[in-house]
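Quick note on numbering: the numbering used here labels position 319 of the sequence shown as 704, and the sequence is numbered without any gaps.
Scroll down for the structure; my scribbles are underneath it.
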Amino acid sequence: MKRLIPVFGVLLVFALVLAPVFDATAQVKVKKIGRSLNQMTLPVKGSPAPAWNISTGLRAVGTKSRAYWTVDTVGSAQVGTPTWAIVSKPAGSAATLDSANGTWINSVKVDTVGEYIVSAQVGTQTAYDTIWASTYQGVATDANAGCFCHPSATTIKTAWEKSVHGTMFFRGMTGHEEMERGKGAYAAGCIKCHVTGWDPTAANNNFGIKVKQSGWDTTWYKGLESYAGDYWITTGDSAKWNLLTADEKKLANIGCEQCHGPAQAHATSAQASRIGMNKYQPDMCNQCHDGSRRHSLGTFFANSGHYQMHYGAAAEGGRSNCQPCHTGAGLSYYLNNNMDTTGLAAKWVLARDAKTPISCQVCHDPHGNDNEYALRTMSLKGDSLKGGYVIPAQFRQSAGNICMVCHGGRYAVKARITTTAPYYGWADRFYPHYNTQGEMYFGAGAYQYGDDSFTGLMTHGGVEGSCTGCHMQKRKNRLDGGGNMLANHSFSMSDTMFATGVYKPTDACAPCHGEIEDFDDIRALYDYDRDGAIEGVQSEVDGLLAALKAKLPVDATTGNPVTMRKDSLAVKNRPDLIQGIWNWYFVYEDRSRGVHNTKYAVRILYKALGWTPLAVEATEGMPTEFGLNQNYPNPFNPTTSISFAMPKDGHVLLQVYDVTGALVKTLVDQTMRAGNMQATWDGTNLSGNKVASGVYLYRMAAGDFVAAKKMVLMK
């Protein structure tokens, strides 16, 4: 019996160590989570600062620091609240759980180097998770040492050493080079997020405890001019930087361990389980980028569709051909392999249930690169969208191109819409899938009925950064308007988070459209949907979509036009219906209701409806009286522009006649909004045929105003 006792003890320890492995099929899960300042009690002005208990959510945790967990019961059919336990901890540890049973979030302040296993039971299922507590070691930037011992890390080291993260603290302590007179923007509150492992209360070799022990943290700023809570340093002056010891410099700047966790145990054991890597969660970024008063990017991002998507459409994340745009792991693979899906299906079988979000690290390279904002890519594969449209050269290095990797029509119109029966392609759908924003923005990808003259027609081509220019506009990060102006990482043009008295979604429109309260305040050029009233662009496009839907077969369940091969009888021998369905979904699934590219949206809907769009545009200024100007150029070949002025809304009739008085072409017969307008005549008649050289008259009638002028077509 005496021999059985140690054997039993060994088996018990063995079972506890392997508990996370045996838990692989359990539906209840214990998940490590990060905690940012914005997820904690905010400091009260004039009161002592709260404990520095932020957490990265990594499996590598600094000793004397806190780790957090939550319990996920989705799909488990288990009821009740969690019963928590620490089932294993290092010898000599006195660590205990911080919350009682029944709470959904719990934490542990680890006190000794080693492995900790935490469990939570809900109903009949128990799940486990493991962390490893360690200390920091730092990394030198001037030698291939420390974290860069892996041969494959050479390129990472090179990128990191010149990145924003890798140079952050050094630049601040030697005066920001972008400031005219230099500035060290490092009051005590700022240092925390500009170095590695700040916590002056945790004796784990982090930067904060080291400089507290040496006294640097209360002396370095002596003699410097203070301005608005910051300290001014002459650009290039390294005196304050050199007050740091060599060991302290290894932890200055944002080093490997700030994002991967303290690495001393990993470095001495070479065990991967003793270091952290969380590629597809924003928690480790949020330790700094969701930092209370000044930095709330994480709060914005948590309200984005990118972060929330993996909690919803799990089916798409489990399909190998869908997951590059529905999961962080898939998109990361897609971008890192130059948007090539070769081998993706086999790879994804192993991680089908990962449901990883489109997180910070998926779009941005935290190690740094030469792209603006360290984006993973700023160019599309082959400089073309998925449908095959090659984007113009001036847009090929736009920050918004990374958005169009996914936000573009999935299918090419020529592959799906054919001119022979049964009038659609081989696949099960005859619509452009979803997310047609990229094609819509550039004016391509719709069914154009053989007319390529308006391919590339754009409404917002002048917006810097394309998508990012509007969807990532700068906004205040707090309800009270305090803090910095930050790029909107909710990406939404309709959310009102932090909006009260500070921000309106329409602020992005103000530079071009003035101060408006609603997107529909941007009025249409004319009565697009022909209902007798000039409304906002979105209302007019809604009217066009309704007019087109009325001509198409509709699915009884969705209320929208049919899309599937199973509906083939509804569209049999009717290519016009297939073409109309494609264009209806092209505009509808763009989701901007015409805003992304009003010109193209109206043109393709008119084509589907069989209507003739107006070749007219608005120019700058607001006239005070009606007017008809001389065409330009004149003489002309093959086209000419005719400008006219409308001081108020009204019906306009602009027509071209030959010298005998016979009508050649009607250019405008529409209710127009007030403004300076410019119509184009391409030298064709009512039948679309080119007319002969000669003298022509053009006549405008608007209310009581009537005027006519001559022009010459010379071939």
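Backbone N, C-alpha and C fix where the C-beta goes; we use that ideal spot for every residue, glycine too.
Pairwise C-alpha distance: residue j and residue i
i, j, result
"Val1053", "Met1062", "11 angstroms"
"Glu500", "Ser654", "13 angstroms"
"Lys474", "Val495", "9 angstroms"
"Gly551", "Gly640", "6 angstroms"
"Arg959", "Pro938", "11 angstroms"
"Val456", "Thr520", "27 angstroms"
"Lys936", "Met1057", "26 angstroms"
"Asp975", "Cys532", "45 angstroms"
"Glu900", "Ala893", "10 angstroms"
"Val947", "Leu954", "11 angstroms"
"Gly1046", "Thr983", "35 angstroms"
"Ile963", "Ala797", "14 angstroms"
"Glu1005", "Ala872", "30 angstroms"
"Val1044", "Leu933", "39 angstroms"
"Met857", "Ala1086", "44 angstroms"
"Arg795", "Gly593", "50 angstroms"
"Gln1106", "Gln666", "For residue 1106 there is no data in the structure shown, the boundaries of the chain being 386 and 1100."
"Phe1011", "Tyr1083", "16 angstroms"
"Gly846", "Gln782", "14 angstroms"
"Gln656", "Gln522", "16 angstroms"
"Ile660", "Ala538", "15 angstroms"
"Asp527", "Ala588", "Confidence at Asp527 is low in this model, with a pLDDT of 49, below 50, so the placement of that residue is unreliable and no value is reported for it."
"Ile541", "Ala445", "21 angstroms"
"Asn869", "Asn688", "19 angstroms"
"His981", "Thr1065", "23 angstroms"
"Pro647", "Ser450", "11 angstroms"
"Asn706", "Glu633", "48 angstroms"
"Arg860", "Ser1028", "39 angstroms"
"Ala404", "Asp905", "Legend: pLDDT at Ala404 = 38, less than 50; position of this residue unreliable, value from coordinates given subsequently. Taking the straight line joining both Cα atoms gives about 57 angstroms."
Proximity of residue i and residue j at Cβ, strictly below 8 angstroms
i, j, result
"Asp1034", "Ala1003", "no"
"Val580", "Phe554", "yes"
"Leu422", "Asn663", "no"
"Asn671", "Gly419", "yes"
"Asp483", "Val415", "no"
"Val498", "Ala650", "yes"
"Gly772", "Gly793", "yes"
"Val472", "Ser492", "no"
"Val1041", "Arg978", "no"
"Ser1078", "Leu1098", "yes"
"Leu929", "Val1001", "no"
"His691", "Pro742", "yes"
"Thr1025", "Lys1050", "no"
"Met789", "Tyr985", "no"
"Met617", "Met558", "For the sequence presented, residue 617 should be read as Trp rather than Met. No; because the gap between Cβ atoms is not below 8 angstroms, this pair is not in contact."
"Gly850", "Gly841", "no"
"Leu636", "Trp601", "no"
"Met1104", "Arg801", "Past the edges of the chain, shown from 386 to 1100, lies residue 1104, and the structure says nothing about it."
"Trp454", "Ser658", "no"
Endpoints, the beta strand (DSSP E) within which residue i is located
i, result
"Ile502", "Gly499 to Val507"
"Arg451", "Arg451 to Asp457"
"Ser717", "First-last for Ser717: Gly713 to Asn721, but that is the alpha helix (DSSP H), not the beta strand (DSSP E)."
"Trp469", "Thr468 to Ser473"
"Met1096", "Phe1090 to Leu1098"
"Leu422", "No beta strand (DSSP E) holds Leu422; DSSP gives it neither H nor E."
"Ala1086", "Gly1079 to Ala1087"
"Ser1002", "The residue you asked about is not Ser; residue 1002 is Glu in the sequence shown. Start and end: Val1001 to Thr1004."
Closest Cα partner of residue i within the set the options
i, options, result
"Ile787", "Pro777, Val775 and Met724", "Met724"
"Leu994", "Pro1008, Glu1010 and Trp967", "Trp967"
"Lys799", "Asp961, Gly928, Ser769 and Tyr832", "Tyr832"
"Asn1014", "Gly477, Leu1048, Ala941 and Val1091", "Val1091"
"Phe1021", "Val1076, Asp675 and Ile989", "Val1076"
"Asn756", "Ala544, Thr604 and Gln463", "Ala544"
"Asn638", "Cys578, Ala445 and Thr853", "Cys578"
"Asp1089", "Asn1074, Thr1065, His1036 and Pro709", "His1036"
"Thr805", "Asp961, Ser764 and Gly854", "Asp961"
"Leu760", "Cys748, Cys855 and Leu770", "Cys748"
Extent of the continuous alpha helix (DSSP H) to which residue i belongs
i, result
"Asn671", "Asp668 to His674"
"Val980", "It is not in any alpha helix (DSSP H) - Val980 carries neither H nor E in the DSSP assignment."
Query - Inside the segment 916-968 only - alpha helix (DSSP H) runs reaching at least 4 residues - result: 922-934 and 953-956
Query raised in the report: Can you list the beta strand (DSSP E) stretches of 3 or more residues lying completely in the segment 589-645, in chain order?
Result: 610-612 and 615-617
Requested in this report: Ignoring anything shorter than 4 residues or poking outside the segment 1010-1074, list the alpha helix (DSSP H) runs there in chain order.
Outcome: none
Requested in this report: Could I get the ranges of all uninterrupted alpha helix (DSSP H) runs contained in the segment 739-822, with 4 residues as the minimum, in chain order?
Outcome: 745-748, 786-789 and 798-801
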